[in-house]
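Participant:
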Amino acid sequence: MKKLVSIFLFFVATPLLSAQNTGNYHPLDTQNPVFFDGKHIFYQGKEIILGEKVFFVDGQLSDGEVAKYPYVFNSFGEAVKHLIDGTETGPMTLYLAPYVYWVDDPDDPTVRIPEKDERLPFGMSIQCEWLKIYGLTDNPQNVVLASNRGQTMGAEGNFTMFYFDGNGTSIENVTLGNYCNIDLEYPLNPKLNRTKRSSAVVQAQLAVCNGDKITARNSNFISRLNTRPLAGGKRTLFYKCHFECTDDALCEVGVHLDCSFTLFSSKPFAITRATGAVLLNCDFEVLTQHKQYLTKIGSPVTIVDSRFTHASDSLFIGWTPYPTSNMRSYQYHISLNGKPIYINADKPWLTVDMTGKRILDAYRFEYNGKITYNTYNLLQGDDEWDPMGIKERVKAAEKILGKSLSHIPTFLLITPSHEKIESGLNTANLKAEVKRFGNYNYDESIIQWSVAPEYQNYATLKIEKNNTCKVTGTNEEDETKTIVIKASTPDGLESASVLTVTPKYLQAPQFTSLPAIIPSSGKGKLVIDYALDWQGRKDQSLITWYRCTDIKGSNAVEVAVSRLDRPEQTYELSSADIGYYMMASVSPKHLRCHPGEAQTAITSSPVAKKDIFDKDFYTDFQNFPTTYQPEIIPGFWTVDVYKPIDIQTHDWKATPTNGWFYGFATDGARGTGLLQASKGARLLYTPVHGDYGNMSVSINVDPCKTAGQGFGSATGQYMDIYIKLDTQTLTGYALRIVRTTKFDRAVDFVLMKYENGTTTEICEPVSASCYRTDCTITLTVKGNQLTAHAETRTKLAEQSQPDLRTVVDLQAEIETNKFGGTGVQHTGSVGANATMLHWIKVEWE
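Taken in order, the sequence shown gives residues 373 to 1217; the numbers are from our numbering.
(1) For P458 and F407, I'd like the C-alpha separation in whole angstroms.
(2) Quick one: what's got a C-beta closer than 6 Å to T1164's C-beta in the same chain, skipping five residues either side?
(3) Are the region 1032-1048 and the region 1074-1086 touching, with three or more C-beta to C-beta distances below 8 Å?
(4) Using a Cβ-Cβ cut-off of 8 Å (strictly less than) and excluding sequence neighbours within five positions of D1098, which residues of its own chain qualify?
(5) What are the boundary residues of the beta strand (DSSP E) that D725 is part of?
(6) Applying the 10 Å Cβ sphere with the 16-neighbour rule, what's the burial state of H398?
(7) By Cβ distance, which residues of its chain are closer than 6 Å to N539, with the 5 residues on each side in sequence left out?
(8) Can you check which of these residues, T1044, I643, Q1001, is closest to Q994 by C-alpha distance?
(9) Which residues in the same chain have their Cβ closer than 7 Å to the Cβ of L560, if we skip the five residues on either side of it in sequence?
(10) Could you check the C-alpha separation between N839 and H1022 for me, to the nearest Å?
(11) What residue does the alpha helix (DSSP H) around A769 start on, and which one ends it?
(12) Would DSSP call A1204 helix, strand or coil?
(13) Which runs of the beta strand (DSSP E) at least 3 residues long sit entirely within the region 1069-1156? Give them in chain order.
(14) Use the C-beta contact count for I915: other C-beta atoms within 10 angstroms, 16 or more gives buried, fewer gives exposed.
(15) Rounding to the nearest angstrom, what Cα-Cα distance links D677 and L455 in this structure?
(16) Who does N801 pair with in a DSSP beta bridge?
(17) Kindly indicate which three-state DSSP category I379 falls into: helix, strand or coil?
(18) With 16 other CB atoms within 10 Å as the buried threshold, where does G522 fall?
(19) Please list, in chain order, all residues of the same chain as Q1020 whose beta carbon is under 8 Å from its beta carbon, the five residues on each side excluded.
(20) Counting C-beta neighbours from all protein chains within 10 Å, is the total for M373 16 or more, i.e. buried, or is it exposed?
(21) Across which residues does DSSP place C581 in a beta bridge pair?
(22) Locate the alpha helix (DSSP H) running through L785, then write down its first and last residues.
(23) With a threshold of 8 Å, are at least 3 pairs of Cβ atoms found where one atom belongs to the region 588-595 and the other to the region 540-557?
(24) If you compare alpha carbons, which of K668, S1050, Y611 is closest to E624?
(25) If you compare alpha carbons, which of C552, T465, Q416 is closest to T1113?
(26) Measure the C-alpha to C-alpha separation of D1092 and G1082 and round it to an integer number of angstroms.
(27) Rounding to the nearest angstrom, what Cα-Cα distance links P891 and K897 in this structure?
(28) Cβ of I1093 versus every heavy atom of the ligand MG: is any distance shorter than 8 Å?
(29) Rounded to the nearest angstrom, how far is the Cβ of L1123 from that of V1069, given a contact under 8 Å?
(30) Mind reading off the beta-carbon distance from G670 to M699? Whole number of angstroms is fine, and I expect it under 8 Å.
(31) Could you pull the start and end residues of the beta strand (DSSP E) that A1184 belongs to?
(32) Along the beta strand (DSSP E) that carries D655, what are the first and last residues, could you check?
(33) According to DSSP, simplified to helix, strand and coil, what is P387?
(34) What residue does the beta strand (DSSP E) around L629 start on, and which one ends it?
(35) Please check if any C-beta of chain D sits within less than 9 Å of the C-beta of D983.
(36) Pull up the distance between the alpha-carbon of I379 and that of E419, whole angstroms please.
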């Protein structure tokens, strides 16, 4: 009877019900009010009885008020302490009244660090099966779960607001926001507004999950870099959610239905996993200036009935910046500013257009004149999970349409994705696997193997059991061929494997004249002279030059190598060669053979001072040896990995391995050059013994980062360029280029003094946006003056921040020394965060 009276009062006599509210409770949102009497919540005509699995949280309540009731809280964190496991039919539910709930105290100055055995610093770890977080609102902006920490800004590591451990985690009508780099604006109560920590965008994450059957409905996920909304679940559904993000942000395996995205950068997915990510009937507001991609690393995405908007109708939209030919993603009915588009139109083989194909039923079907997005097929797994409640509609449609609309596979994968075979010697054994969404095996598909007509002269296919195919190379030409083997199903699934097919290798050519080292016609150079029976093929011999301590070739150290199929026949002498015998080895090779047995030649006498034309040093790194070489030897480069004293507190180790490699560009870099292979990669040049006065060092670089930030994060990541350095004691000077928390699209340049490895800034840092492609940096010492100049030939956008410079000029007074060492120390992460070195020039007076 009491329950009936309560409901009657709610509908008929709201003022009387308000009078029954606990204390002076007033709903924050008067347009969509919540009422509660201590034991019940009344919301939108429903009475919710509180209990051990049903909590009410309202930040407006006083400590005294919540102390009266066991299931009522004014703190989200306090409520979490009392959770018990729910079930699929009876979840553990937190009802949140409109308010801003801080998951992590924004005023606590303590820097958050990962707990023991954890990779990330979490604001809150919640272990609970079938937890439901429900905002008592129609507008998710009114119920905010907030934090404001990120990498280097209140945390060490990528701060993550939540870690949810349990199946069935669900959020609805809630905003998860990391306001590290975004202002928190809360119109219902502006007193709860909060200014962001910094405008410099850093990794500031939201939620990581360990579990299955994760859902989010009518919720906002607000951050910028590495948003990470409920990432990590096996099956995750986002319905009517909104996302704001830059790069590396979105969930790797989620199904997104009726969602909207505001993209502030060009690669919202870092990578997708397993059967990929799905986007159904979604809207993308693109705010990037140039090309827009979906993933940073090529991986599967399916996008259906979705719309992109951008200031330009000519915006290029691609799957990933560097797609490989084996990659396949799927699209249907996609538009840009209302006009149909084809994703990656420049490489159409990457895209499977599902129009008219059976595979489209896996994602959408039309029944009774309405479109149904087939979330049941995508998420049913082996346990018939149906979070959108459409199973009965799917079954009814199956009867009318006369076809199955469930258990439809969505993914086809060939392994290996890349292989190399030699014609007539070995084969590639390819296997096709078909999966339903969620990475569930599917064994009923018919696999069709094929090779395009243009490749048929270079390989034959033999179809075998268990969805396998044996590929034999038949390349009889001299040149190695790259071919694509495709697998497909009648439903429209596709995958590919990229094979490098060499012709049958021949014997390496024989020397008709053994190698001999002779002076070149130009002073200061040596040439290795030899002759081989090429049989009309181009010389690709591997030539390596060494310095040796005697005519027998003792204590040989590499000083130049061959790369890019270009024999290093000429060696330019430097003052560091004086006193050494020069030796060259030649391994004969052409495009159709493996390197043959090396023959060597050595000079008859050591290099003398009269043989040297130029005492300065220059290299474009193409012939630069990258073998790990930790010794400090006058006249030689030290090529190693080192962790400087000033970043010892950062959690990484310098591993004694090859720290550098010569390779091809990625992202902001261009062409080929020298790249870091390991964090802490270091080069040191120790000049021959002597006293050195004025000197200069110039270097041309391409940061792989394109926005001017140079490095992966502001966690002690920098590049030092040394000058006037004693390489034994690490005493001298350097220019440091370092990412800081001040800007997310700029770096700081600052002159440094080194004293026995300890560093001190000797000028005011300058923040600049010029650390981009084709950046040339020059350090000069004249007397007691150290200067540095840096600028880029890349066209820079007009600066909106007056504190940022486009050209850097620094100067400091220094103590003179007699050292002449130089080098580069890089402490940043590698890969897409590396810096490519194109050339370095060192001049001594």
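All C-beta atoms, glycine included, are put in the ideal place defined by N, C-alpha and C.
Facilitator: Inspection of the coordinates gives the following:
(1) Against the sequence shown, residue 458 aligns to sequence position 86. Against the sequence shown, residue 407 aligns to sequence position 35. The residue asked about is misnamed: residue 458 is Gly in this sequence, not Pro. G458 and F407: Cα-Cα distance of roughly 25 Å.
(2) Against the sequence shown, residue 1164 aligns to sequence position 792. In the same chain as T1164, and ignoring 5 residues on each side of it, the C-beta atoms closer than 6 Å to its own belong to C1142, R1144, D1146, C1147, in chain order.
(3) Yes, the region 1032-1048 is in contact with the region 1074-1086.
(4) Counted from its first residue, the sequence shown places residue 1098 at position 726. Around D1098: G1104, N1189, F1191, G1193.
(5) For the purposes of this step, residue 725 is taken as residue 353 along the sequence shown, with counting starting at 1. Looking at the DSSP string, the run of the beta strand (DSSP E) that includes D725 is 723-725.
(6) Numbered from 1 along the sequence shown, position 26 holds the residue referred to as residue 398. With fewer than 16 other Cβ atoms within 10 Å, it is exposed.
(7) Numbered from 1 along the sequence shown, position 167 holds the residue referred to as residue 539. These residues qualify, in order along the chain: E501, G583, D584, K585.
(8) For the purposes of this step, residue 994 is taken as residue 622 along the sequence shown, with counting starting at 1. Residue T1044 is the option with its Cα nearest to Q994.
(9) Taking the sequence shown and counting its residues from 1, the one referred to as residue 560 is at position 188. Hits under 7 Å: L400, D401, P470, N514.
(10) For the purposes of this step, residue 839 is identified with residue 467 of the sequence shown, where counting begins at 1. For the purposes of this step, residue 1022 is identified with residue 650 of the sequence shown, where counting begins at 1. For N839 and H1022, the distance between alpha carbons rounds to 48 Å.
(11) Working through the sequence shown from its first residue, we reach residue 769 at position 397. Here the alpha helix (DSSP H) through A769 covers 763-773.
(12) For the purposes of this step, residue 1204 is taken as the residue at position 832 of the sequence shown. Looking at A1204 - three-state DSSP - the assignment turns out to be helix.
(13) DSSP runs (the beta strand (DSSP E)) wholly in the region 1069-1156: 1090-1098, 1103-1110, 1119-1127, 1130-1133, 1138-1140, 1147-1154.
(14) Mapped onto the sequence shown, residue 915 falls at position 543. Buried, since its Cβ has 16 or more Cβ neighbours within 10 Å.
(15) If you number the sequence shown from 1, residue 677 lands on position 305. If you number the sequence shown from 1, residue 455 lands on position 83. Roughly 40 Å separates the two Cα atoms.
(16) As a position in the sequence shown, residue 801 is number 429, starting the count at 1. Bridge partners of N801 according to DSSP: K842.
(17) The residue given as residue 379 occupies position 7 in the sequence shown. The predicted position of I379 is uncertain, since its pLDDT is 38 and thus under 50; a value taken from the coordinates is nonetheless stated next. Three-state result, I379: helix.
(18) The count along the sequence shown starts at 1 and reaches residue 522 at position 150. Burial call: buried.
(19) Counting from 1 along the sequence shown, the entry for residue 1020 is found at position 648. If we look at Q1020 and ignore the five residues flanking it on each side, it has no Cβ neighbours.
(20) As a working note, residue 373 is residue 1 in the sequence shown. Reliability of the predicted coordinates at M373 is poor, the pLDDT of 34 falling under 50, and no value is obtained from them.
(21) Sequence index remark: in the sequence shown, residue 581 carries index 209 (1-based). DSSP, once it has assigned bridges, lists F536 as partnering C581.
(22) Working through the sequence shown from its first residue, we reach residue 785 at position 413. Run containing L785: none in the alpha helix (DSSP H); it sits in the beta strand (DSSP E), 783-787.
(23) Per the Cβ contact rule, the region 588-595 is in contact with the region 540-557 (3 or more Cβ pairs under 8 Å).
(24) Within the sequence shown, numbered from 1, the residue matching residue 624 stands at position 252. When the alpha-carbon of E624 is set against those of K668, S1050, Y611, the nearest one is in K668.
(25) For the purposes of this step, residue 1113 is taken as residue 741 along the sequence shown, with counting starting at 1. Per the C-alpha coordinates, the member of C552, T465, Q416 positioned closest to T1113 is C552.
(26) For the purposes of this step, residue 1092 is taken as the residue at position 720 of the sequence shown. For the purposes of this step, residue 1082 is taken as the residue at position 710 of the sequence shown. Between D1092 and G1082, the C-alpha separation is close to 13 Å.
(27) Translated into positions along the sequence shown, residue 891 becomes position 519. Translated into positions along the sequence shown, residue 897 becomes position 525. Looking at the two C-alpha atoms, the distance is approximately 6 Å.
(28) Absence of the ligand MG is noted for the structure shown, with no ligands found whatsoever.
(29) As a working note, residue 1123 is residue 751 in the sequence shown. As a working note, residue 1069 is residue 697 in the sequence shown. The C-beta separation of L1123 from V1069 comes to about 13 Å, leaving the pair out of contact by the 8 Å criterion.
(30) What you label residue 670 is simply residue 298 of the sequence shown in a count that begins at 1. What you label residue 699 is simply residue 327 of the sequence shown in a count that begins at 1. That pair is a contact at about 5 Å.
(31) Indexing the sequence shown from 1 puts residue 1184 at position 812. Note, A1184: beta strand (DSSP E), 1180-1185.
(32) Locating residue 655 in the sequence shown gives position 283, where the first residue counts as 1. The continuous beta strand (DSSP E) containing D655 extends over residues 655-658.
(33) Numbered from 1 along the sequence shown, position 15 holds the residue referred to as residue 387. Confidence is the limiting factor: at P387 the pLDDT is only 41, short of 50, which leaves the residue's position unreliable, though a coordinate-based value still follows. When DSSP states are grouped into helix, strand and coil, P387 belongs to the helix group.
(34) In the sequence shown, counting from the first residue as 1, residue 629 sits at position 257. Counting along the chain, the beta strand (DSSP E) containing L629 begins and ends at 627-629.
(35) In summary, chain D is missing from the structure at hand, where a single protein chain is found.
(36) Position 7 of the sequence shown holds residue 379. Position 47 of the sequence shown holds residue 419. Below a pLDDT of 50, predicted positions are generally treated as unreliable, and I379, at 38, falls in that range; no measurement from the model is reported.
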